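The structure under discussion appears below in the form of structure tokens.
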Amino acid sequence: MQTRVNYLQASFFSFLIHAALFLYLIGFFYSDKQLRPILSKPVNVSIIVEEISAKKTKELKTLKPNLEKVKPTLASINSNNISDVPKISSQGSITNLQDLINQESEFLDTSLLENEINQFSILIINLIEAAWIKPKNIQDNLICDIKIKTNSQGRIVDINLINSSGNIRFDNSALQAVKRVETFSFFNKITKKTYEDVFKNIVISFNPSR
Amino acid sequence: MRLFLILLLLPNLLFAELLLEITKGSENPFRIAIIPFQGTSNSVNTIVEVFNNDLIRTGEFYVLEEEMLLSIPKTVEEINPSEWKLLNIDFIVLGEVLNEENSGLKATYEIYDVNKKAKIRSSTVYGIPGKLRQLSHYISDGVYESITGMKGISATKILYVNEIRNNSDSNYILYIADADGANEQVLLKSTEPIISPAWSPDSKKIAYVSFETGMAKVFIQDIGTGERELVLTNDNQISSPAWSPDGKLLSLTLYQDGNAEIYILNLKNKNLTRLTKHYSIDTESSWSPNGTKILFTSGRSGAPQLYEIDLTILNTKPSRLTFEGNYNAKGSYLPNNEGIIFVHRSSNQFQIALKYFNENFIRPLTESKMDESPSVSPNGNVIVYAITDDRSGMIAGVTLSGATFVLPATNGKVREPAWSGFLR
């Protein structure tokens, strides 16, 4: 009789666990409330960036009254900034805030720069992909890297295979694709600094297995 | 201190390079248009036809039919790129063939890149009227190289043996021909079998096995002078000659003690070095492109399989390379040492297969029933082989890009093709 009760208990728990699993799978515990904070998060962040960069142009002193407003929104930017916020005191607040503003504007600048880099990188990739004829009957998972040097007009002045795939036909087709492109005509739209920092030397990795 | 900081920062600056990844490419062949060549010579059409066929045979080009041309520009300046873009043409070839003084021919050709809207090559080749095909092959190799970036093989040669039967007796003829099978010339004629022709690395000499003395013996023949030399005068049967890449050594199969083993012969001092020692058959040796390894067929596992032996380490055991099926033989290396080409049997079909060293499976390249004796082109892109049945034999080719072709039919049973190196 005793054993039967044990069985009963075991099968009861088993039922509970399986029922929970089943309910989980059919989405019983799923609610859109859980999703909401995740969805709204990026929206918050972008507003903050705008707010701060707009204030950057104003006098620093006028910022002090607004401190309370900025404070809660700042907290949601990222965890790094959260630790900074409690440190704001009446004396140190301005310099501290100034740092934050500088950080933010730097962040804004880099994101602008990133945008520019991304935009031109995509153009470069498209041109090379259009020129690349992939050989047939080659091994899978071949990768080769080619380093190119460009001049400020976008002309490729130096091509080097820096990492061979081991298959001569594959390496050759990649080199040929770069040679066929020869010039990136849109380089005149790239700022001089970005060209010097980013686009002067480019490594192109041919990886068709991706 | 400042210097130290700069040194610390230096690696960061050096590696701060933009890395772009290319994941997509086209698998379609290059689309080219050949504008009918101009010129005073009446051999213009032959030249264009030969050169056209050369390009198509590579499998890497789609050549637009002449009727499809929307216009016939006479010079590069007359080309309207947008018109050719409509036809999806990547490159346009224009040319001219002129009769020179002292009965020579001068062919000039230009290649125009439609996407780049610019001329990418302009070349001149000279020839004599008797060697029109050679001139055409030079043009097609030039076009092939400037578009694909790889050396062309149209101007190379192929050796093959033809067996012609008249009633009861047979004649064996060793031929040399252009890579497209044309322009064949007899190198040797014999009433006894000739097998296993092989090129020296400089493509000036050939080695082959002839049974003219009643035994299998290896001869070396100079192609230019026709001079022949018996390489070993002992009493053994000798077969399967293969040259080392430096041309100084010849690997051979000797039936010294009634069993086939591989030896290396020094051509200068005629010293023989034994390479294999096994009671089963070891034969069909071939050298790796850098000369450090020898590939051969061995029956040591009970069935023919390919083994490789390292020549740089003394007394090494051969390592087995093929494990697929129960027949893999007549192997040779790809020119860049990426893999091997061999004959593979899959369910009663003998086909030519490719195995890359970094892959653990084989890639069958042909589909007929009896394919044998594969030989790789010097640029590694094309393989010629013999298709044989009881009565006839012919030479076919397959490119790694997937195109197939058959060389012009000749009478008799054609077999054992061997591809030369680059000739210029």
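Heads up: the sequence lines are chains A and B, in that order.
Going letter by letter, the first sequence gives residues 1 to 210 in this note's numbering.
Going letter by letter, the second sequence gives residues 1001 to 1424 in this note's numbering.
Ideal Cβ placement from N, Cα and C applies to all residues, glycine included.
Please read these numbers as outputs of a predicted model, since none were measured by experiment.
Asked                                                                                                                   : Found
Chain B residues whose Cβ lies nearer than 8 Å to that of V211 (chain A)                                                : This structure cannot speak to residue 211 (chain A), because chain A is shown only from 1 to 210.
8 Å Cβ cutoff, F206 (chain A) in contact with chain B                                                                   : yes
Nearest candidate by alpha-carbon position, reference N188 (chain A), set A:V178, A:R180 and A:F199                     : A:F199
Contacts that V224 (chain A) makes with chain B (C-beta to C-beta distance below 8 Å)                                   : Residue coverage of chain A in this structure runs from 1 to 210, which leaves residue 224 (chain A) outside it and unanswerable.
Coarse secondary structure for D1090 (chain B), derived from DSSP in three states                                       : coil
Sub-8 Å separation of I156 (chain A) and T150 (chain A) beta-carbons                                                    : yes
Chain-ordered chain B contacts of N160 (chain A) [CB-CB under 7 Å]                                                      : Neighbours of N160 (chain A) on chain B: none; closest Cβ ~12 Å, over 7 Å.
Start-to-end residues for the alpha helix (DSSP H) that takes in H1137 (chain B)                                        : L1132 to T1148
Within 8 Å, strictly: CB atoms of K1293 (chain B) and K1268 (chain B)                                                   : no
G1142 (chain B) vs R1121 (chain B) beta-carbon contact at 8 Å                                                           : yes
CA-to-CA distance, E1284 (chain B) to L161 (chain A), given in whole angstroms                                          : 36 Å
Contact set for Y1062 (chain B): own chain, Cβ-Cβ below 6 Å, skip 5 residues either direction                           : P1029 and R1031
Below-8 Å beta-carbon distance, N1336 (chain B) vs any chain A residue                                                  : yes
Pair within 8 Å by beta-carbon distance, L1475 (chain B) and G1331 (chain B)                                            : The question about residue 1475 (chain B) has no answer, for chain B in this structure spans 1001 to 1424.
Short CB-CB distance (under 8 Å) between F1030 (chain B) and chain A                                                    : yes
Contact set for D1246 (chain B): own chain, Cβ-Cβ below 8 Å, skip 5 residues either direction                           : P1201 and G1291
Chain A contact residues for E1145 (chain B), given Cβ-Cβ distances below 7 Å                                           : Chain A residues near E1145 (chain B): none, gap ~10 Å exceeds 7 Å.
Contact test: R155 (chain A) Cβ vs the ligand ATP heavy atom, cutoff 7 Å                                                : The ligand content of the structure shown is nil, which means the ligand ATP is not present either.
Any C-beta of chain A under 8 Å from that of T1297 (chain B)                                                            : no
With 16 other Cβ atoms within 10 Å as the buried cut-off, status of S1413 (chain B)                                     : Note that residue 1413 (chain B) is Lys in the sequence shown, not Ser. With 16 or more other Cβ atoms within 10 Å, it is buried.
Cross-strand partners of E1372 (chain B) (DSSP beta bridge)                                                             : B:A1386
Test item: CB-CB of Q1256 (chain B) and N1271 (chain B) under 8 Å                                                       : no
contact_flag[the stretch 189-208 of chain A, the stretch 1380-1388 of chain B] where n(CB pairs < 8 Å) is 3 or more     : no
Burial state of T1233 (chain B) (16 or more Cβ within 10 Å)                                                             : exposed
For N141 (chain A) and S209 (chain A), believed in contact at Cβ under 8 Å, the rounded distance                        : 5 Å
Ranges of the beta strand (DSSP E) found wholly within the stretch 146-188 of chain A, counting only runs of at least 3 : 156-163
Of the listed residues B:L1019, B:Y1327, B:A1182 and B:Y1307, nearest to P1053 (chain B) (C-alpha basis)                : Residue identity differs from the one stated: residue 1053 (chain B) is Asn in this sequence, not Pro. Here the closest residue by C-alpha is B:A1182.
Member of A:A174, A:I148, A:R169 and A:E196 whose CA lies at the smallest distance from the CA of T183 (chain A)        : A:I148
Members of the stretch 1352-1375 of chain B that neighbour chain A once the beta carbon cut-off is set at 8 Å           : L1354, Y1356, N1358, E1359, R1363 and L1365
Neighbour flag for N115 (chain A) against chain B, beta carbons, 8 Å                                                    : no
Whether F1422 (chain B) touches P1378 (chain B) by CB criterion (8 Å)                                                   : yes
Assigned exposure category for K33 (chain A) - 16 Cβ within 10 Å defines buried                                         : In this prediction, K33 (chain A) has a pLDDT of 48, which is less than 50 and means its spatial position is unreliable; what the coordinates show is noted afterwards. Result: exposed.
R1300 (chain B): first and last residue of the uninterrupted alpha helix (DSSP H) it sits in                            : Looking at the DSSP string, R1300 (chain B) is not in any alpha helix (DSSP H), and its letter there is neither H nor E.
Below-8 Å beta-carbon distance, N151 (chain A) vs any chain B residue                                                   : no
Nearest-angstrom beta carbon gap, R1415 (chain B) and V1050 (chain B) [assumed within contact, 8 Å]                     : About 25 Å separates the two Cβ atoms, so there is no contact after all.
Residues near L123 (chain A) in its chain [Cβ-Cβ closer than 6 Å; skip 5 each side]                                     : F186
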